[in-house]
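In what follows, a single structure is set out as structure tokens and then discussed.
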Amino acid sequence: MDPKTVHIEFTLNGHPRALTIPGAASALWVIRNLLGLKGTKEGCGIGECGACTIEVDGKAVNSCLMLAAQLDGTEVLTVEGLAPEDELHPLQAAFLDHHGVQCGFCTPGLLMSTHALLTENPHPNRAQVSKAIAGNLCRCTGYQQIFASIEDAVKRSTGEAGQ
79 MDPKTVHIEF TLNGHPRALT IPGAASALWV IRNLLGLKGT KEGCGIGECG
129 ACTIEVDGKA VNSCLMLAAQ LDGTEVLTVE GLAPEDELHP LQAAFLDHHG
179 VQCGFCTPGL LMSTHALLTE NPHPNRAQVS KAIAGNLCRC TGYQQIFASI
229 EDAVKRSTGE AGQ
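Using our numbering, the letters of the sequence shown correspond one by one to residues 79 to 241.
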């Protein structure tokens, strides 16, 4: 093996992956360019916008700041893995229903940050939601639709929707 490459093995959206990659490659670069999953976006490239958010072992991370070598041995979830059966995940459906999506650029990162939060805390209050999505910048929605989407997703997951 070339000393400038590294071999990694990880699970991506439920599927095992084994890759030999450049040692300096970011997780974002591997996900988008080597694996072709375009839902994870590069916005700022410095961890400020959240467009590149993925889940690694259940935690939301900025993939632009993570070396791909750090994925070795982990479970990774991208926005493409939220709804593997070609149906919308309840969180995606709530974003659609409440117009939490405008241009859509920030949406995958917001979904992943929110999914990580709801996995850890299925009943967050508004302050906890605000903290969880604080690293995700949206220039279109004004955030009210995003909060409404997340609040509805919480209700859907607890069976309170429509009551």
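Beta carbons: idealized from backbone N, C-alpha and C, even for Gly.
- Each of Q222, T156 and H85 was checked against the Cα of H176, and the nearest Cα belongs to Q222.
- Of the other Cβ atoms in all chains shown, fewer than 16 fall within 10 Å of the Cβ of D135; this residue is therefore exposed.
- Here E198 is exposed. Its C-beta has fewer than 16 other C-beta atoms within 10 Å.
- Annotated three-state conformation of K82 is coil, per DSSP.
- The beta-carbon distance between L112 and I132, rounded to whole angstroms, is 14 Å. This is too long to meet the 8 Å contact definition.
- For a cut-off of 8 Å, the C-beta gap from S227 to F183 is around 16 Å, too long to register as a contact.
- In the DSSP assignment, H93 falls within the unbroken beta strand (DSSP E) covering H93 to P100.
- For V179, the secondary structure class from DSSP, reduced to helix, strand or coil, is coil.
- As the crow flies, the alpha-carbon of V108 is around 32 Å from that of S235.
- The three-state secondary structure of N203, taken from DSSP, is coil.
- Membership of K137 in the beta strand (DSSP E) is indicated by the continuous run K137 to N140.
- Beyond the five residues adjoining it in sequence on each side, G178 comes within less than 6 Å, by CB distance, of Q223, I224 and S227 in the same chain, given in chain order.
- N203 counts as exposed, since fewer than 16 other C-beta atoms from the protein chains shown sit within 10 angstroms of its C-beta.
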